[in-house]
Amino acid sequence: MKTSNKPLYCLIIALMAGASMNAQFLKKLAKKAESAAERTIERRVENETSKKTDQALDSILEPGSGGKQAPNTDPKDNETPPNTDSGSMGSPGTGKSGQPTAKSITVYSKFDYVPGDKLLFFDDFANDFIGDFPSKWNTNGSGEVVTIDQLPQKWLEFIPGYGIYYLPNIPDLPEEYTIEFDLLTNGIDDQTSSTAGIEVLLSDDKNFEKGDHHVEAFIPVGQYALFSIGLRNHSREGGTTINSDVKADIREAVLNQPHISIAVNKARFRLWVNEEKYVDIPKMVPEHKLTSLKFNVNGIQDGKEQIFISNLKVAEGGVDLRRKLISEGKVSTNGILFDVGSANIQPQSMGIILQISQVLKQETAMKLNIVGHTDSDGSDESNLKLSKERAEAVKNALVSVYGISSDRLSSEGKGESTPVGDNSTPAGKAQNRRVEFIKI
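Per mature numbering (1 follows the signal peptide of the UniProt record, and there is no 0), the sequence shown runs over residues -22 to -1, 1 to 418.
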């Protein structure tokens, strides 16, 4: 009887094919393993390079530190805290320790914003309970004071839905003043609406309306395209003369806790995001008409996207300190900000130091004494030491950043000994944390 070899041939062919497929699979697996190893090596190299870069920048800003910063365990001033790295809510221009990098100081050396020197309003929500609406504000919408991850300060969260947030007890806005606040976002991504953002409203209305005379500046937070800063003004007599968009790619900035600065000098309106000035319109503000500051938010999704602000400061002035220093021989400012309990100058304060350097370069015979002051938080001894260190830090910035000869400058600290405001309130403390420049 004949037997067929066909099944045997099929089995042999199947085994050969399986072996071939196995070999191909093993080759692919080997390639994947090789690629994974390469990626691991690349990541390690990137991490090590990043660490070395951070250490180098820190050593420039903190000589002798070796790139390591001791944690701040004894904050003395209740002021704008250092920015803390917390994932998507970090701050631009800061290293891993939260200190300003050399790059950020260099960029801010050309920052020409000068804050007002007579404080009208300040709120960091320090005296408000978490979950409450802040006591110094009013609204026809909803909001609450919150804390965010590891960030040390409190924030006001604007709850979605049309609502006006305003300051009922602030004095009428003068002809010249400045507005500053820290902005924080969460959950903002490529799906965020093109209409999402925060509006700053200057108005002659003392309640919840826009009023007969007003100025609107809309700061967008959307990410999927470049959305410009929206600007609009209105006066009862002339109607709306400005209704335009100013091109400004601030997408990265709004994800990284930007500092917003606004200066109003009579009719002139200027706006900065961090160190960049995006708006400068000479005839924007209806003169002698606006009294109130208000905010609202648009286009954010409840439960997904969030907008917060903190450290709101409104101050009269913002005028040219150079003329005042030359004519009066003395200027005092609380616009030079430092990290909590530290002499590290926050980069956005460089506008004032720039103006002082310009006076010294023009008045070549002038010499200055720089005097630091603190609020009353902490002991007398620690505040005296801190004020001396801060005055010296300003002196060093004039020398190292702007090239002023050190023999034309002296520095001293007076701690909490000469207050100009009430140390029992956040606004008074903000007034007392100041730097004086005195001609000698």
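Just so it is clear, CB atoms sit at the ideal spot from N, CA and C, and this is done for glycine as well. All values derive from a computational prediction rather than experimental measurement.
Burial state of A375 (16 or more Cβ within 10 Å):
buried
Can you tell me which residues form a DSSP beta bridge with K417?
DSSP output for K417 lists L346 as bridge partner(s).
Cα-Cα separation between D63 and H266, rounded to whole angstroms
Because the pLDDT at D63 is just 28, under 50, the model does not fix this residue reliably, and the point stays unresolved.
Which class does K272 belong to by DSSP, given the choice of helix, strand or coil?
Three-state result, K272: strand.
For the alpha helix (DSSP H) containing G329, name the first residue and the last one.
M328 to Q340
For a test of the three-state rule: what should DSSP assign to E367, helix, strand or coil?
helix
In this structure, how does DSSP classify Q284 when only helix, strand and coil are distinguished?
strand
K339, buried or exposed, once every other Cβ within 10 Å from all chains shown has been counted against 16
exposed
Could you name the residues of the same chain whose beta carbon sits closer than 7 Å to that of D358, not counting the 5 residues immediately before and after it, in chain order?
G393 and E394
Option nearest P112 by Cα separation, candidates I287, A369 and N322
I287
Mapping the DSSP letters down to three states, classify A1 as helix, strand or coil.
Residue placement at A1 is poorly supported in this model, since its pLDDT is 49, which falls under 50; the coordinates still yield a value, given next. Note: A1 maps to helix in three-state DSSP.
For D102 and V124, the rounded distance between their alpha carbons:
11 Å
Spell out a yes or no on whether the region 240 to 252 and the region 221 to 231 are touching, meaning 3 or more CB-CB pairs, one atom from each, closer than 8 Å.
Contact annotation: the region 240 to 252 touches the region 221 to 231, with at least three C-beta pairs closer than 8 Å.
Report yes or no: do three or more beta-carbon pairs, one from the region 89 to 102 and one from the region 275 to 285, lie closer than 8 Å?
no
Would you mind giving the Cβ-Cβ distance between P198 and G165, rounded to the nearest angstrom? I have them listed as a contact below 8 Å.
At roughly 15 Å, the Cβ-Cβ gap does not stay under 8 Å, so P198 and G165 are not in contact.
Let me make sure I understand the geometry here. Which of D167, R210 and A408 has the alpha-carbon closest to that of N234?
D167
Put G109 into one of helix, strand or coil per three-state DSSP.
coil
Three-state secondary structure (DSSP) of S171
coil
Would N116 and P146 be called neighbours here (beta carbons separated by less than 7 Å)?
yes
Among the candidates S384, E294, I314 and K345, whose CA atom is the shortest distance from the CA of P325?
Nearest C-alpha to P325: I314.
What first and last residue would you give for the beta strand (DSSP E) that runs through I207?
For I207, the enclosing beta strand (DSSP E) stretches over residues I207 to H212.
I157 and I220: beta carbons closer than 7 Å?
no
So does the region 326 to 334 actually touch the region 352 to 366, counting three or more Cβ pairs closer than 8 Å?
Of all C-beta pairs linking the region 326 to 334 to the region 352 to 366, fewer than three are shorter than 8 Å, placing the two stretches out of contact.
Just to confirm, is the Cβ distance from E177 to N274 under 7 Å?
yes
So for E135, helix, strand or coil by DSSP?
strand
Going by C-alpha distance, which of P152, K345 and T218 is nearest D190?
T218
The beta strand (DSSP E) enclosing P198, as first and last residue numbers:
For P198, the uninterrupted beta strand (DSSP E) run begins and ends at H192 to P198, by DSSP.
Can you tell me whether G216 is buried or exposed, with buried defined as 16 or more other CB within 10 angstroms of its CB?
exposed
Nearest residue (CA-CA) to K244, options P264, Y256, R214 and L290:
When each option's Cα is compared against that of K244, the closest is P264.
Chain-order list of residues whose beta-carbon lies under 6 Å from that of K308 (same chain, five-residue window excluded)
Excluding positions up to five away in sequence, the list reads I416.
Status (buried if at least 16 other CB within 10 Å, exposed otherwise) for R368
buried
Expressed to the nearest angstrom, what Euclidean distance is found between the alpha-carbon atoms of Y202 and Q284?
17 Å
Among H192, F100 and E306, which has the Cα closest to the Cα of D160?
F100
Does DSSP put E12 in a helix, in a strand, or in coil?
Any reading at E12 needs caution, since the residue's pLDDT is 47, under 50, leaving its predicted position unreliable; the model's value is listed next. In the structure shown, E12 sits in a helix (DSSP, three-state: H, G or I).
First and last residue of the alpha helix (DSSP H) that includes I304?
For I304, the enclosing alpha helix (DSSP H) has its first and last residue at L299 to E306.
Quick one: what does DSSP say D385 is sitting in, helix, strand or coil?
helix
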